[in-house]
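Novice:
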Amino acid sequence: MKFLADGMLGKLTRWLRMIGYDVKYFRDLKDEDLIDISIREDRILLTRDADLFRRALSKGASAFLVEGHGEVEKLATVAKRFNLNLEINVKNSRCPKCNARIRPVSKDKVREKVPPGTLKFYDEFWECPKCGQIYWRGSHWKKINRTLLEANRVMRNLK
Ligand SMILES: [Zn+2]
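Under the numbering used here, the first residue of the sequence shown is numbered 24, with each subsequent residue one higher.
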């Protein structure tokens with residue numbers, strides 16, 4: 024299952040990538056181009072725009088109108104509809120910035136790329152093969168997991 028998100032769904036895109044889904048995102052692409060990519064690459068078009076949603080469906084694309092307010096609710100709505108697992112498994116995680124699958128990298132290799140304090144406290148690192156970004160389970164990790172727990176809770180309460 025692959026997705027394509029419209030320009031209004033940048034944050035949702037990052038969340039979906041983190042939990043392991045392949046999401047293409049373009050900040051400003053014409054509606055027609057989004058529909059074309061969706062069909063050509065067999066991607067589900069996620070959009071906030073009811074008009075684009077209807078046009079995509081009428082042209083035979085798969086599309087989903089993302090309703091809800093705030094990131095948690097949007098994430099919960101998409102997860103409910105597509106039965107997504109709202110959990111981070113680093114084996115599947117993709118780089119929130121560029122969608123490439125991140126891979127483990129040794130501490131030695133990141134020595135020059137992360138702050139010294141980080142090296143002292145963490146032993147596991149991941150690297151994005153495309154943009155070079157390094158990831159570790161830092162202080163933001165707890166916040167990410169809290170948000171995902173909250174999204175799970177909201178999802179269970181959706182009709
Ligand atoms: Zn990247």
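All C-beta atoms in this analysis are idealised placements derived from N, C-alpha and C, irrespective of residue type, glycine included.
Use the C-beta contact count for Met24: other C-beta atoms within 10 angstroms, 16 or more gives buried, fewer gives exposed.
Specialist: When all chains shown are included, Met24 counts as exposed.
Novice: Could you tell me whether the region 109-125 touches the region 150-161, where touching means 3 or more Cβ pairs closer than 8 Å?
Specialist: In short, these stretches touch, since the Cβ pair count reaches three.
Novice: Looking only at its own chain, which residues have a Cβ that is under 8 Å from the Cβ of Arg50, when we skip the five neighbours before and after it?
Specialist: Correct list, in chain order: Gly30, Gly33.
Novice: By a C-beta neighbour count over all protein chains shown, 10 Å radius and 16 as the cutoff for buried, is Leu181 buried or exposed?
Specialist: Label assigned to Leu181: exposed.
Novice: I think Asn175 touches Leu109, with their Cβ atoms under 8 Å apart; what is that distance to the nearest whole Å?
Specialist: Rounded, the Cβ-Cβ distance is 5 Å, consistent with contact.
Novice: Output the distance between the C-alpha atoms of Leu57 and Tyr48, rounded to the nearest integer angstrom.
Specialist: Going from the Cα of Leu57 to the Cα of Tyr48 covers about 9 Å.
Novice: Pull up the CB-CB distance for Phe148 and Lys130, whole angstroms please, since I reckon it's below 8 Å.
Specialist: Yes, they are in contact, since the Cβ atoms of Phe148 and Lys130 sit about 6 Å apart, within 8 Å.
Novice: Considering just the uninterrupted stretch of the beta strand (DSSP E) at Ile67, what are its terminal residues?
Specialist: Run containing Ile67: 67-70, per the beta strand (DSSP E) assignment.
Novice: So does Lys136 have its beta carbon nearer than 8 Å to some heavy atom of ligand 1?
Specialist: Not so, every heavy atom of ligand 1 lies at least 8 Å from the Cβ.
Novice: If the criterion is Cβ atoms closer than 9 Å, does the pair Leu68 and Ala28 meet it?
Specialist: In this structure, Ala28 lies closer than 9 Å to Leu68 by Cβ.
Novice: Given a threshold of 16 other Cβ atoms within 10 Å of its Cβ, counted over all protein chains shown, does Arg40 qualify as buried or as exposed?
Specialist: Under this definition Arg40 is a buried residue.
Novice: Per DSSP, which residues does Val46 bridge with? Please list them.
Specialist: In the DSSP output, where bridge partners are listed per residue, Val46 has Phe26.
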